[in-house]
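A.B. asks: Under the working numbering, the first residue of the sequence shown is numbered 1, with each subsequent residue one higher.
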Amino acid sequence: MRTDRRPPRRRGLTLVELMIVTAMVLVFTGSAVTVFIQLIQTSDEIDARVEAVKNARFFLDRLSEDLSQASLSPSIDRGELFLCTHAALPYGDLIDNDRDGAVDEEAPDGADNDGDWTLAQDDRDFQTIVPTSGAGGLPPLVPVAERGYQASDLGDGHVDEDIVFNTDELRFWIPGPGGNVLRQQVTYRIEAFEGEDNVAVRRLRTILVDGSEAPEEIGPLAFNVVSLNFLCWDHRLSPQRWVETWDSGAIPNVHPGAPVTVYAEIIVHADSTRLRLPPVRPLNTVRMGTMINVENVLRSALFPRGAGRVEGMSLSGSLAPDAAPAVSTPSGPGLPRPLTVPPPPAPVAL
1 MRTDRRPPRR
11 RGLTLVELMI
21 VTAMVLVFTG
31 SAVTVFIQLI
41 QTSDEIDARV
51 EAVKNARFFL
61 DRLSEDLSQA
71 SLSPSIDRGE
81 LFLCTHAALP
91 YGDLIDNDRD
101 GAVDEEAPDG
111 ADNDGDWTLA
121 QDDRDFQTIV
131 PTSGAGGLPP
141 LVPVAERGYQ
151 ASDLGDGHVD
161 EDIVFNTDEL
171 RFWIPGPGGN
181 VLRQQVTYRI
191 EAFEGEDNVA
201 VRRLRTILVD
211 GSEAPEEIGP
221 LAFNVVSLNF
231 LCWDHRLSPQ
241 RWVETWDSGA
251 IPNVHPGAPV
261 TVYAEIIVHA
271 DSTRLRLPPV
281 RPLNTVRMGT
291 MINVENVLRS
301 ALFPRGAGRV
311 EGMSLSGSLA
321 PDAAPAVSTP
331 SGPGLPRPLT
341 VPPPPAPVAL
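1) Taking just the CA atoms, how far does Trp246 sit from Ser212?
2) Per the DSSP calculation, Ile218 is bridged to which residue(s)?
3) Quick one: measure Cβ to Cβ for Leu94 and Arg281, integer angstroms, because I've assumed they're closer than 8 Å.
4) On the criterion of 16 or more Cβ atoms from any shown chain inside 10 Å, does Ile20 qualify as buried, or is it exposed?
5) If you scan the stretch 22-110 from start to end, which runs of the alpha helix (DSSP H) of 4 or more residues do you find wholly inside it?
6) If you compare alpha carbons, which of Ala88, Pro175 and His255 is closest to Val297?
7) Would you mind working out which of Asn293, Phe28, Leu81 and Ser68 sits nearest Phe172, comparing C-alpha positions?
8) Going by CA-CA distance only, name the one from Ser227, Gly178 and Gln184 that's closest to Glu191.
9) Could you tell me whether the Cβ atoms of Pro177 and Gln69 are closer together than 8 Å?
10) Thr206 to Asn180, Cα distance in whole Å?
11) Just how far apart, CA to CA, sit Glu194 and Ile218?
12) I need the straight-line Cα distance from Arg299 to Pro259, nearest angstrom please.
13) Is it true that the CB of His269 sits closer than 8 Å to the CB of Thr285?
14) Measuring alpha carbon to alpha carbon, tell me which residue in Asn253, Glu265, Leu275 and Ile292 is nearest Ala301.
15) Ordered along the chain, which non-local residues of its own chain (more than five positions away) have a Cβ less than 8 Å from that of Val262?
16) Can you name, in chain order, every residue of its own chain whose Cβ lies under 6 Å from the Cβ of Asp271, other than the five neighbours on each side?
17) Thinking just about the alpha-carbon of each residue, which of Pro279, Gly79, Gly101 and Trp242 is nearest to the one in His431?
18) When we look at the beta-carbon of Gly92 and count the other beta-carbons within 10 Å, is it buried (16 or more) or exposed?
19) Nearest-angstrom Cα distance between Gln38 and Thr14?
20) Go to Asn296, then tell me how far its alpha helix (DSSP H) extends in each direction, as first and last residue.
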């Protein structure tokens, strides 16, 4: 027997229909909220990574400006001329960056520590330019061969790719800006700054012309820094290679007190979550490095012309010294090929 005498078009929703509509609305709303949350998280992660890149680049730009003009003045105490100290931490980012099954197994020392390195392109391919007589008014070509150490170093595969963190420190002198400032000593290191940990700072010590000392200045350059690594190119060794420490006081006076090139690398936390060290889960980071030539060493009469010049910059490593062209004679596998620069022409008396 029909109890609802209203026309069918005027009937309301049944309980089942209402439940179905409610479920559809909840599913749609839940999906929209999930997508919105994911968009917010992705935006935060992108912002954190961009900020990390800006921090790393600003640090390296400032360091490059100072280090390229590092002073070799004989009036500076030899023991304070140039110092690089090394401090390794027992952990890294907890990520297998080189996909070899091990995590954080290498020291960032410019060499292969686990025996899995592969030759870089510049080690495999050697090119020689045949000298000409300068026909057609062109200058004669100089025989040039790329150096290939046939040994692991920066730029080769699986070298310093999966590393532990460092908290190295670099200290050297630069010329003063003029006026009553004689010279300044700069220090780059990681320390706490105004209550915030893991800050890469630049300390500036200023010596005035009258011998007095101005108050030390401390400036933050990068935040959330998890690693700071410095390597010095030691041309005195055979074969030449990167070293993790440098003490100008221990360098004989027949050599410049500073290294010809410094490799600087900074690793910055690149995540929207709060940084915790040591890490309890894999860290998202930005790793950036550059090689910086000390120009005064290159100009020094104590620097052997065959020691070479290295340059380069990258986000995850850098060009190795064996990537530079060199004028040389062939040498056996595993031996360095020294760069021989022709001597400058003798001055002409007017």
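Don't be surprised by glycine CBs; every beta carbon is placed ideally from N, CA and C.
C.D. replies: Working from what's here:
1) Mapped onto the sequence shown, residue 212 falls at position 212. Mapped onto the sequence shown, residue 246 falls at position 246. Going by the C-alpha atoms only, they are around 28 Å apart.
2) Here residue 218 refers to the residue found at position 218 of the sequence shown. Answer by DSSP bridge pairing, in chain order: Arg203.
3) As a position in the sequence shown, residue 94 is number 94, starting the count at 1. As a position in the sequence shown, residue 281 is number 281, starting the count at 1. Between Leu94 and Arg281, the beta carbon gap of about 7 Å places them in contact (Cβ cut-off 8 Å).
4) Residue 20 sits at position 20 when you count from the first residue of the sequence shown. So Ile20 ends up on the exposed side.
5) none
6) Counting from one through the sequence shown, the residue named residue 297 turns up at place 297. Ranking Ala88, Pro175 and His255 by Cα distance to Val297 puts His255 first.
7) Counting from one through the sequence shown, the residue named residue 172 turns up at place 172. With distances taken between Cα atoms, Phe172 lies closest to Leu81.
8) By one-based count along the sequence shown, residue 191 stands at place 191. The candidate whose alpha carbon is nearest that of Glu191 is Ser227.
9) As a working mapping, residue 177 is identified with position 177 in the sequence shown. As a working mapping, residue 69 is identified with position 69 in the sequence shown. No, Cβ-Cβ distance for Pro177 and Gln69 is not below 8 Å.
10) As a working mapping, residue 206 is identified with position 206 in the sequence shown. As a working mapping, residue 180 is identified with position 180 in the sequence shown. Each residue's alpha carbon lies about 10 Å from the other.
11) As a first step, residue 194 must be located in the sequence shown, where it is residue number 194. As a first step, residue 218 must be located in the sequence shown, where it is residue number 218. Approximately 11 Å between the Cα atoms of the pair.
12) The sequence position of residue 299 within the sequence shown is 299, counting from 1. The sequence position of residue 259 within the sequence shown is 259, counting from 1. So the alpha carbons of these two residues sit roughly 12 Å apart.
13) Counting from 1 along the sequence shown, the entry for residue 285 is found at position 285. Counting from 1 along the sequence shown, the entry for residue 269 is found at position 269. Against a cut-off of 8 Å, the Cβ pair of His269 and Thr285 comes out as a contact.
14) Taking the sequence shown and counting its residues from 1, one reaches residue 301 at position 301. When each option's Cα is compared against that of Ala301, the closest is Asn253.
15) If you number the sequence shown from 1, residue 262 lands on position 262. Answer for Val262: Leu67, Cys84, Leu170, Phe230, Leu231, Cys232, Trp233, Met291, Ile292 and Val294, listed in chain order.
16) In the sequence shown, residue 271 corresponds to position 271, counting from 1. So the qualifying residues of the chain are Ala48 and Asn284.
17) One cannot answer for residue 431 here, as it falls past the ends of the chain, which runs 1 to 350.
18) Locating residue 92 in the sequence shown gives position 92, counting from the first residue. Buried.
19) Translated into the one-based positions of the sequence shown, residue 38 becomes position 38. Translated into the one-based positions of the sequence shown, residue 14 becomes position 14. Looking at the two C-alpha atoms, the distance is approximately 36 Å.
20) In the sequence shown, the residue the question calls residue 296 occupies position 296. In the DSSP assignment, Asn296 falls within the unbroken alpha helix (DSSP H) covering Glu295 to Arg299.
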